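*Asks:*
Protein chains: 2
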Amino acid sequence: MVTMKEIAQQTGVSVSTVSLVMNGRDGGRVKPDIAAKVRKVAQILGYQVNPMARSLRTNHTRMLGFISEEVATTPYAGGIIKGAQDAASRLGYMMISVSTDGDADEDEEIAALKRYGVDGFYYAKMSNRVTRVPRSLMDMPLVLVDATDPEGRFPSIEPDEFRIAYDATTRLIEAGCERIAYVGCSENMIAQDGRLAGYHAALEESGAGYSERLVANVLNNGPALNAVSELFDREQPDGFFCFNDARAWYVYECAARRGLTIGKDISVVGVDNHRVFAETLEPQLTTVELPHYEMGFWATCKLVSIIENRSLDDLELPHTTAPLPPLDAPIPAKIHCALIEKHSVRS
Amino acid sequence: MVTMKEIAQQTGVSVSTVSLVMNGRDGGRVKPDIAAKVRKVAQILGYQVNPMARSLRTNHTRMLGFISEEVATTPYAGGIIKGAQDAASRLGYMMISVSTDGDADEDEEIAALKRYGVDGFYYAKMSNRVTRVPRSLMDMPLVLVDATDPEGRFPSIEPDEFRIAYDATTRLIEAGCERIAYVGCSENMIAQDGRLAGYHAALEESGAGYSERLVANVLNNGPALNAVSELFDREQPDGFFCFNDARAWYVYECAARRGLTIGKDISVVGVDNHRVFAETLEPQLTTVELPHYEMGFWATCKLVSIIENRSLDDLELPHTTAPLPPLDAPIPAKIHCALIEKHSVRS
DNA sequence: ATGAAAGCGCTAACAG
DNA sequence: CTGTTAGCGCTTTCAT
């Protein structure tokens, strides 16, 4: 490991000077030619800062702590974490992610991360829920991910559920469907409200109109299948927007039993949580992919902007809001969704 | 942040003494009563070591670097990472996991982790493959996870594919199946060889005998479905062992089309990769869950044992090899599998 | 414009 | 047994 001392010796200057140069703090303080020489020697020797030594003085480590639960059991997590990590890496940060089982070890893990000197925290839930933020996090730079603080004190990154549903439903409308059903979730989830509203809005706006009779909010297993089955027979829908791919599966099953082919006799758009169908059958239903990666990515940007007290735009990372794919394609396609960025109260 | 200095002042001793006590290196070196006093003051003040400051002297950080690819896209990763992290946390280590896209950023991420001073690395692939270990990892304590080094130079933790298949097939035999098919994977994967062998062995041992005609190695989508369909009609199997749940899905689909009920007319055991079925339908097929968590857990233990140059048994962690569930249960049940621990060549 | 010196929190060699 | 001293690699006054 090359140290500043070595560079100093090689160049014939003091460590202080090297430090100044390596941190870009020369500028009327170090003669340009000597600065250049330092840089060159550093280059040749392959100098890398030692973040630990630096942190001892500066009290910041460029490490970020990612706290989440359930990571082990949900496939969603990967995308968020990957996105967060990518952005961190680009911004010169290191992300340490820790998943907890319950409140018990949560505080322990947070304490451990604090000991290691992380500069800020993500607090993530897998699938948007109203969430109590741990006390121990409140005095730190903090961003919520896929979670909602009841009092709105902390910035959060959440998928735009309304737009997801609005887009998906519009897709069905433009595909020519006239009786569009919604197979939703009967659990109390934030996503459910937004999606139902988006579905509703899209229908109203198109002039097709909304009817409660076309909505089935279900849970799972047999009862869910029966409810969808009943919807099938009662309303004979020609299009379905499904809360997730488990729900899409019920539609798939009902269609199969009635000899109907998805993509031909009926159209289905499902929000993709598990990417099951893509791996098992020829693509027959259109899937809308949740913007997990983007959420993670933006969470990092927001968090770093708080830590460094800079505006988001200063970070110079591409504001990628990918364009929507054409609506007439019967094949699966990703829809990237806008992110809602709540106000940040921290000073 | 409480420092040793403060404890020293409060107690009226020197920092050295405090350091000795806090590291348990008193023992004939510090008078018991003064050691006790130090400990008490530390307790009251809520002292926590500063790992960064410590690492500056000791050159070890108690941080572990977890390198993997594909984490974002596979649900398997979570279990491994959770297991690894749990063990790390119990052993007083912090795990930093980083997932890479390709070789390009892999070396960069490794370099970053080295800068941060990690003590050792995991190198993980999602689903066992023969793997080239990056040069930059070779001079570090290293454990492969779900990956195989062609030259067997590094310790690795892999699922015992043979036993997985052997157990699953035995389960079908004991359930009374007489024509047991294997729906495998036609890609060249290590798991495939082991599973086919385990299936084979279980059949031979039971006296039922093995027939190639009952084996269908498939890829996915339509062709896979057709192949399974053909197997169905040609051999009329009454039991199926499936490489993963995508393959089990083809069997499910074929059964449904023929009016057969799984768990009644035919029996199916599938290796569970996505936990799809549990979320969609009443449990009808038996799933074997891969021991991802355990692999991660043991990987950490192995890695730490290398780093600290201790034997695995010294680590004092429970050697949990959970007992197999009863074989006559028609409901899904986890089968925990033994782990293969390859020899470690590092000195 | 540059360097010397102090110190971040901790460990370890060496005195006493 | 305990304290003094030095130093890990870096940043940051403060002299020069």
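In the order they appear, the protein sequences are chains A and B.
Sequential numbering of the first sequence, starting at 906, is according to this note's numbering.
Sequential numbering of the second sequence, starting at 906, is according to this note's numbering.
We put the CB at the ideal spot given by N, CA and C, even for glycine.
Just so you know, these numbers come straight off a predicted model, no measurement behind them.
(1) Could you tell me whether any Cβ in chain B is nearer than 8 Å to the Cβ of A:L950?
(2) Exposed or buried, what is B:D1150 when buried is set at 16 or more other beta-carbons lying within 10 Å of its beta-carbon?
(3) Answer yes if the stretch 999 to 1009 of chain A comes into contact with the stretch 937 to 947 of chain B, meaning at least three C-beta pairs across the two stretches below 8 Å, and no otherwise.
(4) Identify every residue that forms a DSSP beta bridge with B:D1177.
(5) Taking the runs of the alpha helix (DSSP H) that are 4 residues or longer, which of them lie wholly in the stretch 937 to 974 of chain A?
(6) Do the CB positions of A:V1174 and A:L1077 come within less than 8 Å of each other?
(7) So within the stretch 1056 to 1142 of chain A, which uninterrupted alpha helix (DSSP H) runs reach at least 4 residues, ignoring any that extend past its ends?
(8) At which residues does the alpha helix (DSSP H) containing A:D1051 begin and terminate?
(9) I want to verify the contact list: residues of chain A whose CB lies under 9 Å from the CB of B:G1089, in sequence order.
(10) Thinking C-alpha only, which one of B:D1177, B:T1075, B:E1083 and B:R1058 is nearest B:R1040?
(11) Can you tell me whether B:V1035 is buried or exposed? The criterion is at least 16 other CB atoms within 10 Å of its CB, across all chains shown.
(12) Enumerate in chain order the residues of its own chain whose CB-to-CB distance from A:M909 is below 8 Å, with the five nearest sequence positions on each side excluded.
(13) In its own chain, which residues sit with a C-beta less than 7 Å from the C-beta of A:V1209, not counting the 5 before and 5 after it?
(14) Suppose contacts are defined by Cβ-Cβ distances below 8 Å. Is A:A1052 in contact with A:Y1028 by that definition?
(15) Please list the partners that A:M999 has in chain B, where partner means a Cβ-to-Cβ separation under 7 Å.
(16) Determine which residues share a DSSP beta bridge with B:Y1027 and list them.
(17) Within the chosen definition, does the stretch 981 to 988 of chain A reach the stretch 1193 to 1207 of chain A through at least 3 CB pairs nearer than 8 Å?
(18) In three-state terms, what does DSSP make of A:P1231?
(19) Could you spell out the range, first to last residue, of the alpha helix (DSSP H) harbouring B:V1038?
(20) In whole angstroms, what separates the C-alpha of B:A1096 from that of B:A1009?
(21) If the criterion is Cβ atoms closer than 8 Å, does the pair B:M906 and B:N955 meet it?
(22) Quick check on the DSSP output: the alpha helix (DSSP H) that includes A:T908 runs from which residue to which?
(23) Out of A:F1067, A:T1166, A:P1055 and A:F1202, which has the shortest C-alpha to C-alpha gap to A:L1101?
(24) I want to see whether chain B comes within less than 8 Å of A:M957, judged by CB atoms only; does it?
(25) Do A:A1121 and A:A1106 have their C-beta atoms within less than 8 Å of each other?
(26) Going by beta carbon distance, what residues of the same chain come within less than 8 Å of A:E915, once the five residues before and after it are set aside?
(27) Please list, in chain order, the chain B residues whose beta carbon lies closer than 9 Å to that of A:G1164.
(28) Just checking: is the beta-carbon of A:P1235 within a distance shorter than 8 Å of some beta-carbon in chain B?
(29) Is the Cβ of A:T1225 closer than 8 Å to any Cβ of chain B?
(30) For a contact defined as C-beta to C-beta under 7 Å, what are the partners of A:Q953 on chain B?
(31) Please report how far the alpha carbon of A:L1042 lies from the alpha carbon of A:A958, in whole angstroms.
(32) Classify A:Q948: buried if its beta carbon has 16 or more other beta carbons within 10 angstroms, exposed otherwise.
(33) Using beta carbons (cut-off 8 Å, strictly below), is B:Q1097 in contact with chain A?
(34) Around the Cβ of A:A1016, are there at least 16 other Cβ atoms within 10 angstroms (buried) or fewer (exposed)?
(35) In its own chain, which residues sit with a C-beta less than 6 Å from the C-beta of A:D1282, not counting the 5 before and 5 after it?
*Replies:* The answer reads as follows:
(1) Indexing the first sequence from 1 puts residue 950 of chain A at position 45. The beta-carbon of A:L950 is placed no less than 8 Å from the nearest beta-carbon of chain B.
(2) By one-based count along the second sequence, residue 1150 of chain B stands at place 245. Per the 10 Å Cβ criterion, buried.
(3) No, they do not touch.
(4) Here residue 1177 of chain B is taken as the residue at index 272 of the second sequence, counted from 1. Answer is B:E1194, bridged to B:D1177.
(5) 937 to 950 and 956 to 963
(6) Within the first sequence, numbered from 1, the residue matching residue 1174 of chain A stands at position 269. Within the first sequence, numbered from 1, the residue matching residue 1077 of chain A stands at position 172. Yes. Within cutoff.
(7) Counting only runs of 4 or more, we get 1066 to 1079, 1095 to 1111 and 1126 to 1140.
(8) Residue 1051 of chain A sits at position 146 when you count from the first residue of the first sequence. Note, A:D1051: premise wrong, no alpha helix (DSSP H); beta strand (DSSP E) at L1047 to T1053.
(9) Within the second sequence, numbered from 1, the residue matching residue 1089 of chain B stands at position 184. Listed along chain A, no residue sits closer than 9 Å to B:G1089 by beta-carbon distance, the nearest being about 16 Å off.
(10) The residue given as residue 1040 of chain B occupies position 135 in the second sequence. Here the closest residue by C-alpha is B:R1058.
(11) Working through the second sequence from its first residue, we reach residue 1035 of chain B at position 130. Exposed.
(12) Counted from its first residue, the first sequence places residue 909 of chain A at position 4. Around A:M909: V920, V923, S924, M927 and Y952.
(13) In the first sequence, the residue the question calls residue 1209 of chain A occupies position 304. Excluding residues within five positions, the ones whose Cβ falls inside 7 Å are L996, Y998 and L1220.
(14) In the first sequence, the residue the question calls residue 1052 of chain A occupies position 147. In the first sequence, the residue the question calls residue 1028 of chain A occupies position 123. Cβ distance < 8 Å, so A:A1052 and A:Y1028 count as in contact.
(15) In the first sequence, the residue the question calls residue 999 of chain A occupies position 94. Within chain B, the residues near A:M999 are I1001, A1017 and Y1021.
(16) What you label residue 1027 of chain B is simply residue 122 of the second sequence in a count that begins at 1. Note: B:Y1027 sits in a beta bridge opposite B:F971 and B:V1048.
(17) yes
(18) Residue numbering aside, residue 1231 of chain A sits at position 326 when the first sequence is read from its first letter. Residue confidence for A:P1231 is low, a pLDDT of 35 falling below 50, so the modelled location carries little weight and cannot support an answer.
(19) Numbered from its first residue, the second sequence carries residue 1038 of chain B at position 133. No alpha helix (DSSP H) contains B:V1038, which DSSP labels as neither H nor E.
(20) Counting from 1 along the second sequence, the entry for residue 1096 of chain B is found at position 191. Counting from 1 along the second sequence, the entry for residue 1009 of chain B is found at position 104. So the alpha carbons of these two residues sit roughly 27 Å apart.
(21) The sequence position of residue 906 of chain B within the second sequence is 1, counting from 1. The sequence position of residue 955 of chain B within the second sequence is 50, counting from 1. Against a cut-off of 8 Å, the Cβ pair of B:N955 and B:M906 comes out as a contact.
(22) Along the first sequence, one-based indexing puts residue 908 of chain A at 3. A:T908 -> no alpha helix (DSSP H), and no H or E assigned at all.
(23) Taking the first sequence and counting its residues from 1, the one referred to as residue 1101 of chain A is at position 196. The candidate whose alpha carbon is nearest that of A:L1101 is A:F1067.
(24) Working through the first sequence from its first residue, we reach residue 957 of chain A at position 52. Closer than 8 Å: yes.
(25) Here residue 1121 of chain A is taken as the residue at index 216 of the first sequence, counted from 1. Here residue 1106 of chain A is taken as the residue at index 201 of the first sequence, counted from 1. The answer is no: Cβ separation not under 8 Å.
(26) If you number the first sequence from 1, residue 915 of chain A lands on position 10. Before going on, a small fix: residue 915 of chain A reads as Gln here, not Glu. Cβ within range, chain order: V946 and L950.
(27) Here residue 1164 of chain A refers to the residue found at position 259 of the first sequence. Chain B residues near A:G1164: none, gap ~11 Å exceeds 9 Å.
(28) By one-based count along the first sequence, residue 1235 of chain A stands at place 330. Residue confidence is low: A:P1235 scores 34 on pLDDT, short of 50, so the model does not pin down where it sits. Its coordinate-derived value is still stated next. No - not a single Cβ of chain B is within 8 Å of the one on A:P1235.
(29) In the first sequence, the residue the question calls residue 1225 of chain A occupies position 320. Only weak support is given to the placement of A:T1225: the predicted model assigns it a pLDDT of 48, under 50, and the value that follows is read from those uncertain coordinates. Chain B contact via Cβ: absent.
(30) Here residue 953 of chain A refers to the residue found at position 48 of the first sequence. Here the neighbours are R1020.
(31) Taking the first sequence and counting its residues from 1, the one referred to as residue 1042 of chain A is at position 137. Taking the first sequence and counting its residues from 1, the one referred to as residue 958 of chain A is at position 53. If I take the Cα positions, the gap works out to 25 Å.
(32) Along the first sequence, read from residue 1 onward, the residue named residue 948 of chain A stands at position 43. Label assigned to A:Q948: exposed.
(33) Position 192 of the second sequence, counted from the first residue, corresponds to residue 1097 of chain B. No - not a single Cβ of chain A is within 8 Å of the one on B:Q1097.
(34) Translated into the one-based positions of the first sequence, residue 1016 of chain A becomes position 111. That one is exposed.
(35) In the structure as shown, chain A begins at 906 and stops at 1252. Residue 1282 of chain A is therefore absent and cannot be evaluated.
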